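Input: a single structure, listed below in structure tokens.
There are 2 protein chains.
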Amino acid sequence: MPSTKLANSEAKIVKLKDVALRAGCSLATASRALNGNPTVGEVERERVLAAAAQLGYVPNNSARALRAQTKHLVGVIIPTLDHAIYAKMVDGLQDRLAQAGTSVIINTSGYDLERERSQARLLVARGVEAIILVGAEHQTQTVETLARAGVSQILTYTDTPGDASGAVGFDNYASGISAAKYLLELGHRRFGMIAGLTQHNDRARLRRDGYLDAIMEAGISRDNVVVLEAPYSIDAGGAAMRSLMQTHPRPTAVFCGSDILAVGAVKYCGPAGISVPKDVSIIGFDNLEIAHVVEPELTTIDVPAREMGQMAAEALIEFKKSGEKGIVKTLQTRLLIRQSTGPAPD
Amino acid sequence: MPSTKLANSEAKIVKLKDVALRAGCSLATASRALNGNPTVGEVERERVLAAAAQLGYVPNNSARALRAQTKHLVGVIIPTLDHAIYAKMVDGLQDRLAQAGTSVIINTSGYDLERERSQARLLVARGVEAIILVGAEHQTQTVETLARAGVSQILTYTDTPGDASGAVGFDNYASGISAAKYLLELGHRRFGMIAGLTQHNDRARLRRDGYLDAIMEAGISRDNVVVLEAPYSIDAGGAAMRSLMQTHPRPTAVFCGSDILAVGAVKYCGPAGISVPKDVSIIGFDNLEIAHVVEPELTTIDVPAREMGQMAAEALIEFKKSGEKGIVKTLQTRLLIRQSTGPAPD
DNA sequence: CCAGCTTGCGAAATCGTTTTCTTCGCAACT
DNA sequence: AGTTGCGAAGAAAACGATTTCGCAAGCTGG
Chain A
71 MPSTKLANSE AKIVKLKDVA LRAGCSLATA SRALNGNPTV GEVERERVLA AAAQLGYVPN
131 NSARALRAQT KHLVGVIIPT LDHAIYAKMV DGLQDRLAQA GTSVIINTSG YDLERERSQA
191 RLLVARGVEA IILVGAEHQT QTVETLARAG VSQILTYTDT PGDASGAVGF DNYASGISAA
251 KYLLELGHRR FGMIAGLTQH NDRARLRRDG YLDAIMEAGI SRDNVVVLEA PYSIDAGGAA
311 MRSLMQTHPR PTAVFCGSDI LAVGAVKYCG PAGISVPKDV SIIGFDNLEI AHVVEPELTT
371 IDVPAREMGQ MAAEALIEFK KSGEKGIVKT LQTRLLIRQS TGPAPD
Chain B
71 MPSTKLANSE AKIVKLKDVA LRAGCSLATA SRALNGNPTV GEVERERVLA AAAQLGYVPN
131 NSARALRAQT KHLVGVIIPT LDHAIYAKMV DGLQDRLAQA GTSVIINTSG YDLERERSQA
191 RLLVARGVEA IILVGAEHQT QTVETLARAG VSQILTYTDT PGDASGAVGF DNYASGISAA
251 KYLLELGHRR FGMIAGLTQH NDRARLRRDG YLDAIMEAGI SRDNVVVLEA PYSIDAGGAA
311 MRSLMQTHPR PTAVFCGSDI LAVGAVKYCG PAGISVPKDV SIIGFDNLEI AHVVEPELTT
371 IDVPAREMGQ MAAEALIEFK KSGEKGIVKT LQTRLLIRQS TGPAPD
């Protein structure tokens, strides 16, 4: 019944038919003109384009998708938008995909792979053509659901695609190694690490393993390195640092799995009478803005998050064209030396 | 052919017709059964549901959306995901909307209203049923496009809905006043402000105006307050602070339109030999994480960003039910007094 | 000058649902 | 008995685009 609602009095939606009418041609021609089909003449095309512009025509995507079987829609599932590192990645992704006329639906899993799975299913129902995930570790059900629905997957923050269509990221393990090497060069011999929670998080795990392996490699005894885990929050980082500083002998260098943790660690030291970097060196990860704000400024490993998002978008586009699985784009992380690290105390 | 299914290369898509066939009923009945329409008998419904489950039926969202004109899809356009304040808002929004079975498409405008307009068009084309915008100032074309497409609009970060369907936010003007009042109470008489770029940004403008008006109200001469504008970045905040500190006589209190700017300001002071808060008091806005990290910790105005997102979601749901335009939900900002403010120097 | 090709365009089929319209049967009322 | 009312379910009409097919010119080459 038309009388039920009359909130929007003038809500006339302009359809392709209206455009065609205005341009004085058929629906078919209008459609072709707008889609850049070369079989339509120059004059006619101009007329259609002009009409569309004048009327402010916006094509109905559902109809288009229904008929043409292309939705120009991808989903992304990240742990949380709260952390700048993921927000930046999504920003880059979104930016690049928008240029290709593709929209992005975002879901957050809160580091919970179970929730990730249900989000994935939801996205499939929504008809996304592809999905962007973080990390290499996922439930087999997630992967299967996606594969069965013919949804291609791009992994980020990792350089090992596994069964996915592609991966865009960096070598977490190597990054851990580089942190260790730098600290070893500075003469440190007793190490600590505040890792993110490694369960169901391959990135946190690999950073830790790289760090540990490089230290072992240098002939340091496993007794001289203490590893703690903490959820990604400043407070948790501070708490972990406290535990670390209570061990005897205490480490002179601490590598943190994220700047968030590192900031917590640094902030703990001041009031506790521990000097950074004189008494203890601290390295972060991600190169967030806060790394620059905290005192002393944080030595950290820079992760090009925005580029990663952009390149993920490109990998996706590339994959859709070529159909070749296993595209890998590796980005480089860089150790940024600032003020939170220094030579080992005597 | 009776061969049930090829491995997983070419999975046959099961349509409603298949379900109906299997359940031995018509399309219409199958549709009704699946949608919980009460006019279908118990027995029939069970049969349809069973058939759908067995076949692993997933409705084609495009077709459904096309016919039923409901996509369970909303768009949000924010300036950038880079700033935690917006990321948090989106996070809250997404969270709450997901519970209602609605997905969110995110676009970023980079504080550019022109880009916002084109993003809006894109979202309309995608068929979003509503759109969430930031602030009250938008191009008339944006508003028109949305109105014409029958897309409801919810504004955030503002409490004045204008022509939109609703607004969820806070009183930027009043927040500016409260900052000024607090500084006046502390005895300050010469004021500075580092505002965000106020062009096309009503929020930045209102905060500034509230601040200024409250100061004037207290009988302070306009000569004793200097207002600068800066893009939202730490460096720009620092640069603005430098300019501010070079005026004579220089302000003893500075209000910044964002914590980002305030952090830049605070960071500038240390090396410049200016003590915060002894020589100059600084107030931020947003209560970002960095406000807590910088030394001294920042007095700031807390903006409940995540709640704002959640409430925007609720406003939207409410609006869809009632159809009443002009829902306004006002949130309270709070002045959080920390260490970057103190009594005016003698 | 005509067969054969290309080009430009319109009519109509199509995508997979939801929703209206209709029909049918049966119980209940006048 | 005839009519009405009602619940359940099927047939067919939307929804708004794209795409297939076919037709009518306008060429070209033999």
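If you're matching them up, the sequences are chains A and B in order.
As numbered in this note's numbering, residues 71 to 416 make up the first sequence, in order.
As numbered in this note's numbering, residues 71 to 416 make up the second sequence, in order.
Glycine is no exception: its CB is placed at the ideal position from the N, C-alpha and C atoms.
Quick caveat: nothing in here was measured; it's all calculated off a predicted structure.
E80 (chain B) - DSSP class collapsed to helix/strand/coil
Within the second sequence, numbered from 1, the residue matching residue 80 (chain B) stands at position 10. Low per-residue confidence applies at E80 (chain B): pLDDT is 42, beneath 50, and the placement is therefore not dependable, though the value from the model is reported in the following sentence. Residue state, collapsed to three classes: coil.
Separation of P149 (chain A) from V84 (chain A), as counted between CA atoms
Against the first sequence, residue 84 (chain A) aligns to sequence position 14. Against the first sequence, residue 149 (chain A) aligns to sequence position 79. Rounded to the nearest angstrom, the two C-alpha atoms are 40 Å apart.
For E287 (chain B), would you say it is in contact with chain A, using Cβ-to-Cβ distances shorter than 7 Å as the test?
In the second sequence, the residue the question calls residue 287 (chain B) occupies position 217. Output row for E287 (chain B): interface = no.
Given a cut-off of 7 Å, decide if D241 (chain A) and D233 (chain A) are closer than it, judged by their beta-carbon atoms.
The count along the first sequence starts at 1 and reaches residue 233 (chain A) at position 163. The count along the first sequence starts at 1 and reaches residue 241 (chain A) at position 171. Against a cut-off of 7 Å, the Cβ pair of D241 (chain A) and D233 (chain A) comes out as no contact.
Roughly how many angstroms lie between the CA atoms of A81 (chain A) and N105 (chain A), to the nearest whole one?
Here residue 81 (chain A) refers to the residue found at position 11 of the first sequence. Here residue 105 (chain A) refers to the residue found at position 35 of the first sequence. Low confidence applies to A81 (chain A): its pLDDT is 49, below 50, so where it sits in the model is not reliable enough to give any reading.
Spatially closest choice to L298 (chain A) from A:G280, A:V324, A:I285 and A:S291, by CA coordinates:
Reading the first sequence from its first residue, position 228 is the one you call residue 298 (chain A). Considering only alpha carbons, the answer is A:V324.
Just how far apart, CA to CA, sit Q380 (chain B) and T403 (chain B)?
Here residue 380 (chain B) corresponds to residue number 310 of the second sequence, with the count starting at 1. Here residue 403 (chain B) corresponds to residue number 333 of the second sequence, with the count starting at 1. So the two alpha carbons sit approximately 16 Å from each other.
Could you check the C-alpha separation between L183 (chain B) and R275 (chain B) for me, to the nearest Å?
The residue labelled residue 183 (chain B) in the question sits at position 113 within the second sequence. The residue labelled residue 275 (chain B) in the question sits at position 205 within the second sequence. Between the alpha carbons of L183 (chain B) and R275 (chain B) lies a distance of about 16 Å.
Would the C-beta of D182 (chain B) count as close to the ligand FMN, meaning under 6 Å from any of its heavy atoms?
Of the ligands one can find in the structure shown there are none, so the ligand FMN has no counterpart to examine.
Residue range of the beta strand (DSSP E) that S173 (chain B) falls in?
Within the second sequence, numbered from 1, the residue matching residue 173 (chain B) stands at position 103. For S173 (chain B), the uninterrupted beta strand (DSSP E) segment begins and ends at S173 to T178.
Those residues which DSSP pairs with M263 (chain A) across a bridge:
For this step, residue 263 (chain A) is matched to residue 193 along the first sequence. Partner(s): A:V297 and A:F325.
For chain A, check one thing: does any of its Cβ atoms lie closer than 7 Å to the Cβ of F254 (chain B)?
In the second sequence, counting from the first residue as 1, residue 254 (chain B) sits at position 184. Note that residue 254 (chain B) is Leu in the sequence shown here, rather than Phe. For L254 (chain B), the answer is no, since every Cβ of chain A falls outside 7 Å of its Cβ.
One or two residues paired with Q223 (chain B) in a DSSP bridge:
Here the question's residue 223 (chain B) lines up with position 153 in the second sequence. BP columns for Q223 (chain B) point to B:I201.
Reference A195 (chain A), options A:A219, A:I202, A:V174 and A:S179, closest by Cα:
Position 125 of the first sequence, counted from the start, is the residue given in the question as residue 195 (chain A). Residue A:A219 is the option with its Cα nearest to A195 (chain A).
Is the distance from the Cβ of D283 (chain B) to the Cβ of E207 (chain B) below 7 Å?
Reading the second sequence from its first residue, position 213 is the one you call residue 283 (chain B). Reading the second sequence from its first residue, position 137 is the one you call residue 207 (chain B). In this structure, E207 (chain B) does not lie closer than 7 Å to D283 (chain B) by Cβ.
Considering only DSSP beta bridges, list what V144 (chain B) is partnered with.
Mapped onto the second sequence, residue 144 (chain B) falls at position 74. DSSP output for V144 (chain B) lists B:V174 and B:A200 as bridge partner(s).
Based on the DSSP output, what are the partners of F355 (chain B) in its beta bridges?
Sequence index remark: in the second sequence, residue 355 (chain B) carries index 285 (1-based). Paired residue(s): B:I371.
Mind checking the stretch 162-181 of chain B against chain A and listing, in chain order, the residues whose C-beta falls within less than 8 Å of any C-beta there?
The residues in question are Q164, D165, A168, S173, V174, I175, I176, N177 and T178.
Give me the residue from B:L97, B:I202, B:G180 and B:Q211 with the minimum Cα distance to A122 (chain B).
Taking the second sequence and counting its residues from 1, one reaches residue 122 (chain B) at position 52. The candidate whose alpha carbon is nearest that of A122 (chain B) is B:L97.
Within chain B, the residues that A133 (chain A) reaches when beta carbons sit closer than 7 Å:
Counted from its first residue, the first sequence places residue 133 (chain A) at position 63. The contacting residues are L136.
Assigned exposure category for E384 (chain A) - 16 Cβ within 10 Å defines buried:
In the first sequence, the residue the question calls residue 384 (chain A) occupies position 314. Its Cβ being crowded by 16 or more others within 10 Å, E384 (chain A) is buried.
What is the DSSP secondary structure of H208 (chain A), reduced to helix, strand or coil?
Counting from one through the first sequence, the residue named residue 208 (chain A) turns up at place 138. H208 (chain A): coil per DSSP, three-state reduction.
In the DSSP assignment, what are the bridge partners of R404 (chain B)?
What you label residue 404 (chain B) is simply residue 334 of the second sequence in a count that begins at 1. Beta-bridge pairing links R404 (chain B) to B:D372.
Starting from G197 (chain A), find everything on chain B with Cβ-Cβ shorter than 8 Å and list it in chain order.
Taking the first residue of the first sequence as position 1, residue 197 (chain A) is located at position 127. Neighbours of G197 (chain A) on chain B, chain order: N130, N131 and S132.
Give me, in chain order, the residues of the same chain whose beta-carbon lies closer than 6 Å to that of Y227 (chain B); leave out the 5 immediate sequence neighbours on both sides.
By one-based count along the second sequence, residue 227 (chain B) stands at place 157. These residues qualify, in order along the chain: V204, G205, G239 and R273.
Quick one: what's A237 (chain A) bridged to in DSSP?
As a first step, residue 237 (chain A) must be located in the first sequence, where it is residue number 167. Looking at the DSSP output, A237 (chain A) bridges to A:L225 and A:V398.
So that I know if they touch, is there some Cβ in chain B lying closer than 7 Å to that of A190 (chain A)?
Counted from its first residue, the first sequence places residue 190 (chain A) at position 120. No, A190 (chain A) does not count as interfacial toward chain B.
Would you decide whether D165 (chain A) is buried or exposed? Buried here means 16 or more other CB atoms lie within 10 Å of its CB.
As a first step, residue 165 (chain A) must be located in the first sequence, where it is residue number 95. Classification for D165 (chain A): buried.
Any chain A beta carbon closer than 7 Å to E365 (chain B)
Position 295 of the second sequence holds residue 365 (chain B). Output row for E365 (chain B): interface = yes.
Closest Cβ-Cβ distance between N78 (chain A) and chain B: below 7 Å?
Locating residue 78 (chain A) in the first sequence gives position 8, counting from the first residue. Low per-residue confidence applies at N78 (chain A): pLDDT is 36, beneath 50, and the placement is therefore not dependable, though the value from the model is reported in the following sentence. By this cut-off, N78 (chain A) is an interface position.
Pop quiz: I264 (chain B) and G327 (chain B) are said to be a contact at Cβ under 8 Å. What is the actual Cβ separation, rounded to whole angstroms?
By 1-based counting over the second sequence, the position of residue 264 (chain B) is 194. By 1-based counting over the second sequence, the position of residue 327 (chain B) is 257. Yes, they are in contact, since the Cβ atoms of I264 (chain B) and G327 (chain B) sit about 7 Å apart, within 8 Å.
Which class does T74 (chain A) belong to by DSSP, given the choice of helix, strand or coil?
In the first sequence, counting from the first residue as 1, residue 74 (chain A) sits at position 4. For T74 (chain A), the predicted model reports a pLDDT of 31, less than 50, meaning its position is unreliable; a value from the coordinates is still stated below. In the structure shown, T74 (chain A) sits in coil (DSSP, three-state: anything other than H, G, I, E or B).
So that I know if they touch, is there some Cβ in chain B lying closer than 7 Å to that of I360 (chain A)?
The residue you call residue 360 (chain A) lines up with position 290 of the first sequence. Closer than 7 Å: yes.
Use the C-beta contact count for G162 (chain A): other C-beta atoms within 10 angstroms, 16 or more gives buried, fewer gives exposed.
Residue mapping note: residue 162 (chain A) aligns to position 92 of the first sequence, counting from 1. By the neighbour-count rule (16 or more Cβ atoms within 10 Å), G162 (chain A) is buried.
Applying a beta-carbon distance threshold of less than 8 Å, which residues of chain A neighbour T150 (chain B)?
As a position in the second sequence, residue 150 (chain B) is number 80, starting the count at 1. D161, listed in chain order.
Verify whether the separation of the beta carbon atoms of S427 (chain B) and F389 (chain B) is less than 7 Å.
Lying before the first or after the last residue shown, residue 427 (chain B) is absent from chain B, which here runs from 71 to 416.
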